[in-house]
Amino acid sequence: MNKLWISAGIELQDGADLSETKNALSQLVKETVKEPGCIQFEILQQQDKPQCFTLWECWTNDDALKAHFEAPHTLAYLSHDYTKVNYIERLQLNSGS
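Here you go:
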């Protein structure tokens with residue numbers, strides 16, 4: 017089975033509070049890792065641009081990712097418009113075949 021890997025870049029929306037956003041992102045991670053189909057979900061803050069973050073995610077499949085965007089904690093986070101998405105990359109491991 018091919019896992020679905022995601023790399024996404026997000027950054028603070030104009031007017032959003034960095035501390036509040038970091039707390040909300042921490043809560044999002046805490047709840048997301050409990051989801052069925054979530055293998056890995058990490059959010060890293062860029063050292064040279066503290067308003068920018070990188071999400072590293074791994075899901076069992078596309079259905080698990082779709083369910084994530086329908087989960088109450090994800091919808092709650094998104095409803096606050098803390099961050100905007102700069103890019104999303106859908107990735108797979110290179111098996112070297």
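Going by this note's numbering, the first residue of the sequence shown is number 17, and it counts up by one from there.
Glycine included, each C-beta is placed from N, C-alpha and C at the ideal position.
Which of the three DSSP states, helix, strand or coil, is assigned to residue i?
i, result
"E47", "helix"
"A92", "helix"
"A83", "helix"
"K19", "coil"
"K100", "strand"
"T70", "strand"
Considering Cα atoms alone, identify which of the options is closest to residue i.
i, options, result
"L60", "D33, T37, T90", "T37"
"L109", "C74, G31, L41", "C74"
"E58", "D64, H84, S42", "S42"
"A92", "E47, W21, K19", "E47"
"K65", "K19, A83, L28", "L28"
"A32", "P52, I104, L94", "L94"
"K19", "D30, G53, H96", "G53"
Note down the Cα distance separating residue i from residue j, rounded to an integer number of angstroms.
i, j, result
"Q56", "K50", "10 Å"
"S35", "V101", "18 Å"
"Q67", "I26", "9 Å"
"P88", "L44", "10 Å"
"T90", "S111", "32 Å"
"A40", "N77", "25 Å"
How about residue i and residue j: are their beta carbons less than 8 Å apart?
i, j, result
"W21", "L107", "yes"
"Q63", "T70", "no"
Cβ of residue i less than 8 Å from any chain B Cβ?
i, result
"K38", "Chain labels in this structure do not include chain B; a single protein chain is all it has."
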